[in-house]
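Number of protein chains: 2
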Amino acid sequence: MKKIFVIGLGPGSFEQMTQRAINAIENSDIITGYDYYIELIKDKIKGKEIFSTPMKQEIDRCKKALEYALQGKTVAMVSSGDSGVYGMAGIIYQVCSEYPEIEIEVIPGITACCSGAALLGAPLTHDFAVISLSDLLTPWEKIEKRLLLASEADFVICIYNPSSKKRADYLKRACEIMLNFKSKDTPCGYIRNIGRSGEEYNIVTLYELKEIKVDMFTTVIIGNSQTKIINGKLVTPRGYRNL
Amino acid sequence: MKKIFVIGLGPGSFEQMTQRAINAIENSDIITGYDYYIELIKDKIKGKEIFSTPMKQEIDRCKKALEYALQGKTVAMVSSGDSGVYGMAGIIYQVCSEYPEIEIEVIPGITACCSGAALLGAPLTHDFAVISLSDLLTPWEKIEKRLLLASEADFVICIYNPSSKKRADYLKRACEIMLNFKSKDTPCGYIRNIGRSGEEYNIVTLYELKEIKVDMFTTVIIGNSQTKIINGKLVTPRGYRNL
């Protein structure tokens, strides 16, 4: 069988993986992923072949996975969170587009907006939008437009990739856009290192969020007009009528 | 300890739960949830007390959970998907607002947009918005506004609760709104009974989606301007430049 599993491991601790993800890893011949995730599953992959490529070389990694799959090996590509949300699943379909004989199975995991929301309280009880601030492959104008319209629509907004060395002020710029439609007192939260050592979260207002320094391991959630703080947690009610 | 776990079990099969969810269930004294989910975890809850309430009586269920927790019992409230996404987590924080001594721990699960996306291919590789069509607690005008602005922003849109007996034509109305900004050829997918018997999915155009009959167990994903079909799967590229 020519098969590639694209597996989301969830937020970074072994107990937050699903049994389905673990089974797929055990049923694969070859495993690929960043070292951190390989380490997390090392008890499950003894004796299996492992290959890795440096960060940002995702396409090379997919091509290598394809090569192995064409040889009849079952390949597991593992990543954190959900491999379908800003993950490898899309790229692997694109790389394998000329090879319909390759079976691709995407195994979902818990993505950062869900694991982050659970730490903050319950901010995603109502409609929300998920936006990445990375402009590596998307024009910044498109990102700005989405931030503006999502704010106008009163979505809870969850931000992935809020910052990097080259994009140190992007979260601040995003906050300024959201402030066109969201109140400066809107409750927000941010979470670092979800599910692993150094996990921390904080709740601030949208105005305060502007000045918060975040890194690429941070996920940010901005409330909607109904979001409030209850006993130190961020909670969006499930509707606009009273409980 | 006065503790309530609010646990998301994921898309409905035992192997899609996380070990963390299973551990929390095993560490609880009392379990509550709909029969279907209780059945799914029955091997893990032998000898534990179980209580349930009819559908739509979520607030009563939360109040009962609070009552047990105040007695010093550890309560597990289980539900499908992620308990934080249109789930019970928000309500439990609201119901317990006067009782800060109750510890609430939300344990995330895989929500339907992620499990549904994995079946369809990789439609959520880029920014997306999640919208419920239920107007039970939200004015329809607010839902319409979100559909319109999310379409204008070129989000992939994931729809929860697309229909019910009383809302048979809501998906059609939503499609008509999205067609203001999305092409009628936009690739879309819908998934029924994710992760359980009767699981099925289909890929159609946005124009065709208008006439599709869906039920409350269906999740719908509408592509963005970049979404395409590759080998029968729905794929959104991760950016706007070439691979």
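These protein sequence lines map, in sequence, to chains Z and P.
The numbers in numbering that gives the first Met the number 0 rise by one with no breaks, and the one at position 138 of the first sequence is 137.
The numbers in numbering that gives the first Met the number 0 rise by one with no breaks, and the one at position 209 of the second sequence is 208.
The beta-carbon is built from N, C-alpha and C at its ideal position, and this holds for glycine as well.
Small disclaimer: the values here were computed from a predicted structure and weren't measured.
Chain P places no beta carbon closer than 8 Å to that of tyrosine 200(Z), leaving this residue out of the contacts.
Sequence-distant partners of glycine 188(P) (beyond 5 residues in either direction) whose C-beta falls short of 7 Å from its own C-beta, in its chain, are Leu119, Pro122, Tyr200, Asn201, Ile202, Ile220 and Leu233. Using a Cβ-Cβ cut-off of 8 Å, threonine 185(P) does not count as an interface residue toward chain Z, since no Cβ of chain Z sits closer than that to its own. For methionine 177(Z), the enclosing alpha helix (DSSP H) starts and ends at 169-177. A distance below 8 Å between beta-carbons, with the five flanking residues on each side excluded, links isoleucine 101(P) to the following residues of its chain, in chain order: Lys1, Lys2, Ile3, Leu65, Ala68, Leu69 and Cys95. Contact of threonine 218(Z) with chain P by beta-carbon distance below 9 Å is absent, the smallest such distance being about 12 Å. In this structure, Met76(Z) is the residue among Lys181(Z), Lys144(Z), Ile40(Z) and Met76(Z) with its C-alpha nearest to the C-alpha of phenylalanine 50(Z). Using a CB distance cut-off of 8 Å, aspartate 126(Z) counts as an interface residue toward chain P. In this structure, the alpha-carbon of valine 105(Z) lies about 24 Å from that of leucine 208(P). Membership of alanine 128(P) in the beta strand (DSSP E) is indicated by the continuous run 127-131. Annotated three-state conformation of lysine 181(P) is coil, per DSSP.
Non-local beta-carbon contacts of lysine 62(P) in its own chain, meaning distances under 8 Å to residues more than five positions away in sequence, involve Val94 in chain order. Per the coordinates, the alpha-carbon of valine 129(Z) lies some 6 Å from the alpha-carbon of isoleucine 156(Z). Collapsing the DSSP output to three states places serine 150(P) in a helix.
With respect to chain Z, the C-beta atom of alanine 173(P) has no partner C-beta closer than 8 Å. Annotated three-state conformation of isoleucine 91(P) is helix, per DSSP. Sequence-distant partners of glycine 71(Z) (beyond 5 residues in either direction) whose C-beta falls short of 8 Å from its own C-beta, in its chain, are Met0 and Lys1.
Comparing alpha carbon positions, the residue from Gly11(P), Val84(P) and Phe154(P) closest to arginine 237(Z) is Val84(P). Within the region 128-140 of chain Z, Ala128, Val129, Ile130, Ser131, Leu135, Leu136, Thr137 and Pro138 place their CB atoms closer than 8 Å to a CB of chain P, listed in sequence order. Under the Cβ criterion (8 Å, minimum of three pairs), the region 16-24 of chain P does not count as touching the region 133-151 of chain Z.
For asparagine 230(P), at least one C-beta of chain Z is nearer than 8 Å to its own C-beta. Secondary structure of asparagine 230(Z) (DSSP, three-state): coil. DSSP lists Ile190(P) as the bridge partner or partners of threonine 218(P). Rounded to whole angstroms, valine 5(P) and isoleucine 103(P) show a C-alpha spacing of 7 Å.
Per DSSP, lysine 2(P) is one residue of the beta strand (DSSP E) stretching across 2-7.
In this structure, Asn230(P) is the residue among Tyr239(P), Thr235(P) and Asn230(P) with its C-alpha nearest to the C-alpha of glutamate 97(Z).
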